[in-house]
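Down below is the structure, laid out as structure tokens.
Number of protein chains: 2
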Amino acid sequence: MDMHIKELRKFDEPLYKWVKRGLIELIGLGTWRPAQAIPSERKLADGFGVSMGTVRRALDELVEENVLVRHQGRGTFVTAHDRNRYLFSFFNVCGHDGQRIYPVVSLIDFDSLRADASVARSLGIGAGTKVVRIRNLLTLKGVPTLVDEVLLPASRFAGITREGVAERNGTLYQLYEEQFMQSVTRIEERLRATVASAEQARNLEVDPGYPLLHIVRRAFAVDGTPIELRHSFVKTEHYEYSRTLHEADRGLGRDRG
Amino acid sequence: MDMHIKELRKFDEPLYKWVKRGLIELIGLGTWRPAQAIPSERKLADGFGVSMGTVRRALDELVEENVLVRHQGRGTFVTAHDRNRYLFSFFNVCGHDGQRIYPVVSLIDFDSLRADASVARSLGIGAGTKVVRIRNLLTLKGVPTLVDEVLLPASRFAGITREGVAERNGTLYQLYEEQFMQSVTRIEERLRATVASAEQARNLEVDPGYPLLHIVRRAFAVDGTPIELRHSFVKTEHYEYSRTLHEADRGLGRDRG
DNA sequence: CAGTGGTCTAGACCACCCT
DNA sequence: GGGTGGTCTAGACCACTGG
């Protein structure tokens with residue numbers, strides 16, 4: 535097994551939380567890649583020196599958070615996020631009739647800049663730190679519908695290039711996961727109404743001043759730290775933003791673990 | 535204890551699912567009212583003739599679904615849908631800093647009309663059926679922020695009056711639950727950007743043409759049928775719409791087991 | 001203080017999957 | 001058959017709550 539768990543247990547922390555943190559750490563280090571199996575529950579229990587029930591509880595929470603997937607009789611696997619999984623999870627734009635459509639993404643611009651105070655706070659990095667900026671136009675069934683600006687902390691995406699982004703297969707989040715070992719498990723979105731700037735109007739083929747849906751999104755990695763800040767501007771003439779909420783899905787400050 | 539569990543276990547059903555169904559049944563029958571404690575885990579284990587771990591698993595799921603609430607050292611209680619619970623569950627407007635504020639609601643208008651084809655389809659009723667219309671202005675910290683129009687199928691809200699709505703304590707959803715036995719457990723929201731009409735502008739103290747967030751909401755009862763159609767128009771100058779999404783919260787057709 | 005839920009153990013037996 | 005996860009047991013000790 536060779537588990538080098540150097541981390542100490544936190545004061546007053548339940549054992550299963552410690553096991554969970556340890557597993558997140560090991561996954562983050564790339565010990566097991568997406569779609570690969572992790573050791574069996576019995577082996578993990580031995581490795582961590584706890585009972586199977588305790589390991590099971592840690593695994594339960596990681597499965598609930600979609601970090602792991604269990605297959606009876608086969609094993610427990612690190613979640614692999616294919617195109618559909620990410621799109622259906624986090625792309626909430628659909629037709630007025632509720633129909634979900636695959637967007638065609640075209641890269642408008644790729645550059646880097648220094649984070650101002652607001653961006654730095656949102657990404658949990660120091661002001662003046664280098665961030666990568668990606669700007670896209672999303673077209674749905676031939677209708678230019680959404681422009682966005684994605685900001686990434688350069689330190690977590692070392693080696694990212696315009697070509698890598700432009701020539702990717704699938705979603706940006708798959709790129710984060712496959713190339714940079716950053717899986718998105720949670721997003722936070724704030725929505726406002728605004729009006730189109732000259733450039734947005736040009737891209738979306740409307741007049742300046744046309745009302746747009748402005749979505750500010752922060753995406754979080756498995757360890758709970760922010761890895762992306764994204765501003766999206768949506769023309770809602772033919773498409774709209776859609777979500778179903780269950781009472782159990784509380785709005786803020788939810789603790790799933 | 536006196537548990538008259540007549541229900542038989544289903545074939546191939548796990549024990550804890552049977553316990554869970556039994557508890558839901560007993561709660562539905564009014565054995566324990568909202569805000570009342572249910573028997574302790576040990577007593578339930580005895581009553582059902584299973585181990586505590588099995589009871590615990592059933593309770594875990596009911597807590598996750600917000601049917602029960604646990605308080606260490608005190609007991610396990612049937613959830614009461616008070617003002618805070620409904621507000622935090624379904625009112626997603628907050629300050630730009632994320633701060634949640636209690637809205638002050640004032641009734642603009644109350645009347646009834648016949649459903650047109652679109653409304654009828656949204657509410658799952660026949661075209662021409664009578665619907666009640668409630669229009670409100672919501673003010674946050676003195677700032678008029680949201681106007682909405684609520685449409686209810688009159689048949690499910692027999693006896694609803696302007697006075698009953700105006701003089702309610704708490705949210706509309708509490709009114710639905712307490713007066714009309716219609717608990718809201720799920721909502722579906724679609725968001726668009728639009729511009730203020732003359733009347734909306736007057737109510738929200740902006741100029742006509744000001745960009746507004748337009749939220750179309752359908753609310754569903756426990757049995758999954760729609761009971762409310764609501765159009766909200768939000769001035770997002772000082773407040774905004776906010777949601778946190780976990781990957782586990784999939785958009786459509788989710789089954790919470 | 002006694003009673004509650006929160007955590008944890010060290011197993012058991014089963015259904016399922018792969019070889 | 002041998003290994004996996006799925007379920008279940010019959011306890012243990014702890015922290016917290018209320019009287």
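Heads up: the sequence lines are chains A and B, in that order. For what it's worth, our numbering labels the leading residue of the first sequence as 535, then goes sequentially. For what it's worth, our numbering labels the leading residue of the second sequence as 535, then goes sequentially. Note that CB positions come from ideal geometry on N, CA and C, so glycine has one too. Please read all numbers here as calculations on a predicted model, not as lab measurements.
Given residue i as reference, the closest of the options once Cα atoms are compared
| i | options | result |
| --- | --- | --- |
| ASP645 of chain A | A:GLY676, A:THR695, A:THR588 and A:GLU701 | A:THR695 |
| LEU686 of chain A | A:PRO760, A:GLN606 and A:SER585 | A:PRO760 |
| VAL718 of chain A | A:GLU771, A:THR673, A:TYR620 and A:GLY658 | A:TYR620 |
| GLN716 of chain A | A:ARG648, A:VAL681, A:GLN633 and A:GLY758 | A:GLY758 |
| VAL681 of chain A | A:LEU657, A:GLU598 and A:ILE642 | A:ILE642 |
| VAL639 of chain B | B:ARG777, B:ASP616, B:GLY562 and B:ASN670 | B:ASN670 |
| THR705 of chain B | B:ASP616, B:VAL740 and B:ALA661 | B:ASP616 |
| HIS765 of chain A | A:ARG608, A:GLU697, A:GLY562 and A:ARG724 | A:ARG724 |
| PHE714 of chain B | B:GLY556, B:LEU672, B:GLU762 and B:SER656 | B:GLU762 |
| GLU739 of chain A | A:ALA649, A:ARG591 and A:THR673 | A:THR673 |
| SER574 of chain B | B:LEU560, B:LYS675 and B:ARG604 | B:ARG604 |
Contact with chain B by residue i, beta-carbon distance below 8 Å
| i | result |
| --- | --- |
| ARG724 of chain A | yes |
| TYR710 of chain A | no |
| THR679 of chain A | no |
| MET537 of chain A | Note on MET537 of chain A: pLDDT 48, under 50, position unreliable in the model; no value is reported. |
| LEU674 of chain A | no |
| GLU547 of chain A | no |
| GLU697 of chain A | no |
8 Å Cβ shell around residue i - same chain, five flanking residues per side excluded
| i | result |
| --- | --- |
| ASP536 of chain A | Note that ASP536 of chain A has pLDDT 46, beneath the 50 cutoff, so the model's placement of it is unreliable and the number below is only indicative. Nothing listed; no residue qualifies. |
| ALA579 of chain B | SER585, MET586, THR588 and VAL589 |
| GLU547 of chain A | none |
| ILE558 of chain A | LEU596, VAL601, VAL756 and ASP757 |
| SER731 of chain A | PRO742 |
For residue i: DSSP bridge partner residues
| i | result |
| --- | --- |
| ARG655 of chain A | Answer by DSSP bridge pairing: none, since ARG655 of chain A is not bridged. |
| PHE644 of chain A | A:ILE668 |
| ILE572 of chain A | A:THR610 |
| THR778 of chain B | A:GLU722 |
| TYR773 of chain A | A:GLY629 |
| ALA753 of chain A | A:ILE721 and A:GLU762 |
| HIS748 of chain B | B:ARG726 and B:PHE767 |
| VAL638 of chain B | B:THR673 |
| ASP682 of chain A | A:ASN670 and A:SER766 |
| HIS605 of chain A | A:GLY609 |
| PRO687 of chain B | B:VAL665 |
Residue-chain proximity (residue i, chain A), Cβ-Cβ < 8 Å
| i | result |
| --- | --- |
| TYR550 of chain B | no |
| TYR636 of chain B | no |
| ILE721 of chain B | yes |
| VAL684 of chain B | no |
| TYR707 of chain B | no |
| PRO780 of chain B | The sequence as given places His at residue 780 of chain B; Pro does not occur at that position. Taking Cβ atoms only, chain A reaches closer than 8 Å to HIS780 of chain B, which makes this a yes. |
| ARG667 of chain B | no |
| GLU774 of chain B | yes |
| ALA727 of chain B | yes |
| LEU563 of chain B | no |
| PHE644 of chain B | no |
| ARG777 of chain B | yes |
| PHE714 of chain B | no |
| THR770 of chain B | yes |
| LEU747 of chain B | yes |
| PHE624 of chain B | yes |
Residue burial classification, residue i (beta-carbon count within 10 angstroms, cutoff 16)
| i | result |
| --- | --- |
| PHE691 of chain B | buried |
| ARG576 of chain A | exposed |
| ARG736 of chain B | exposed |
| LEU647 of chain B | exposed |
| ASN600 of chain A | buried |
| PRO568 of chain B | exposed |
| LYS769 of chain A | buried |
| GLN734 of chain B | buried |
| ALA727 of chain B | buried |
| ARG788 of chain A | Because the pLDDT at ARG788 of chain A is just 35, under 50, the model does not fix this residue reliably, and the point stays unresolved. |
| THR752 of chain B | In the sequence on display, residue 752 of chain B carries Arg and not Thr. It counts as buried. |
Spatial neighbours of residue i in its chain, beta-carbon cut-off 7 Å, leaving aside the 5 residues before and after
| i | result |
| --- | --- |
| VAL584 of chain A | LEU549 and VAL553 |
| ARG720 of chain A | PHE754 |
| ALA688 of chain B | SER646, LYS664, VAL665 and VAL666 |
| ARG777 of chain A | ASN626 |
Same chain, Cβ closer than 6 Å to residue i, five either side skipped, listed in chain order
| i | result |
| --- | --- |
| GLY791 of chain A | Low confidence applies to GLY791 of chain A: its pLDDT is 30, below 50, so where it sits in the model is not reliable enough to give any reading. |
| TYR707 of chain B | TYR620 and VAL718 |
| PHE582 of chain A | VAL553 |
| TRP566 of chain B | ILE572 and VAL612 |
| PHE545 of chain A | none |
Residue i beta carbon near the ligand FMN (any heavy atom closer than 7 Å)
| i | result |
| --- | --- |
| SER776 of chain B | For the ligand FMN, the structure offers nothing, since it holds no ligand at all. |
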